[in-house]
Amino acid sequence: PEPEPEPEPDEFEELDQEIEEEARRQAEEIIRQQEAEKQRLLEEQQAKEAAEREAEEKSRREEEAAKAKPEPILLEEDGSPVSHARFIELLEGMKLSSERREAISQSPTQSCNIHVSSIEKTLMGQGPMKNGMTVIGTLSENRDIEVELQLPFEANEQVQAFQSNHSVEVVAHIIDWNVGRKRAVFTATDFDYS
1137 PEPEPEPEPD EFEELDQEIE EEARRQAEEI IRQQEAEKQR LLEEQQAKEA
1187 AEREAEEKSR REEEAAKAKP EPILLEEDGS PVSHARFIEL LEGMKLSSER
1237 REAISQSPTQ SCNIHVSSIE KTLMGQGPMK NGMTVIGTLS ENRDIEVELQ
1287 LPFEANEQVQ AFQSNHSVEV VAHIIDWNVG RKRAVFTATD FDYS
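Per the numbering used here, the very first residue in the sequence shown carries number 1137; after that it's consecutive.
Next up, the structure:
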């Protein structure tokens, strides 16, 4: 058989051109994909920043709204501190946790009588209350108001002897608000059980 004739030089050129075209197309495609990815990341970043700005704006508006509200009245007209029952009613009416924290920081320490319903281990006790017991009960001055009373760890033995339907007289102040149960959390170091 006769050897095939050598291809003409311009065929080589065409082939080279095709390969070049293909390589250029691929390079363009890669660049286009990179650009699209860059654009996507940019949009993601912008969306994230916008969401953060919106969250900041919202919390700023809430803070301003809280400042604009009248301060809770923590004193009676005669200048004496409001009762625990009245204080709890004020806390119940507050929408913002920041507002509630601010009020709780001004909670008066005063004596009150708590009617015992049950006793449980303190879960989130701080300092001397850590690993102590919590009395769940109602305020004797208003039996509709359920409260928690954290007592110190060193009193555990005495507290475990508490029985329901008995009362405990304490000098206490509110340290927290149990959002789930909608009840004030008191703490006291001195108590008188009857």
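Each residue gets a CB set at the ideal place from its N, CA and C atoms; glycine is no exception.
Nearest-angstrom Cα separation, counted from residue j out to residue i
i            : j            : result
residue 1199 : residue 1275 : 32 angstroms
residue 1206 : residue 1317 : Below a pLDDT of 50, predicted positions are generally treated as unreliable, and residue 1206, at 49, falls in that range; the measurement from the model is reported next regardless. Answer to the nearest angstrom: the Cα atoms are 26 angstroms apart.
residue 1269 : residue 1229 : 28 angstroms
residue 1419 : residue 1263 : Outside the shown range of the chain, which is 1137 to 1330, sits residue 1419, and nothing can be said about it.
residue 1330 : residue 1215 : 31 angstroms
residue 1247 : residue 1231 : 27 angstroms
residue 1238 : residue 1173 : 47 angstroms
residue 1193 : residue 1164 : 42 angstroms
residue 1272 : residue 1226 : 20 angstroms
residue 1296 : residue 1328 : 14 angstroms
residue 1188 : residue 1196 : 12 angstroms
residue 1257 : residue 1319 : 17 angstroms
Cβ-based burial, residue i [other Cβ within 10 Å; buried from 16]
i            : result
residue 1284 : buried
residue 1259 : exposed
residue 1315 : exposed
residue 1235 : buried
residue 1155 : exposed
residue 1148 : exposed
Three-state secondary structure (DSSP) of residue i
i            : result
residue 1269 : strand
residue 1317 : coil
residue 1284 : strand
residue 1219 : coil
residue 1327 : strand
residue 1116 : Residue 1116 falls outside the range modelled here, since the chain spans only 1137 to 1330, and no answer is possible.
residue 1278 : strand
residue 1322 : strand
residue 1214 : coil
Whole-angstrom C-beta distance between residue j and residue i, which should lie under 8 angstroms
i            : j            : result
residue 1291 : residue 1306 : The Cβ separation is near 11 angstroms, so there is no contact.
residue 1255 : residue 1298 : 6 angstroms
residue 1267 : residue 1303 : 25 angstroms between Cβ atoms; not a contact.
residue 1288 : residue 1265 : 6 angstroms
residue 1277 : residue 1219 : 6 angstroms
residue 1286 : residue 1321 : 6 angstroms
Distance cut-off 8 angstroms: residue i Cβ against heavy atoms of the ligand PLP
i            : result
residue 1183 : As far as ligands go, the structure on display features none, and thus does not contain the ligand PLP.
DSSP beta-bridge partners of residue i
i            : result
residue 1307 : 1247
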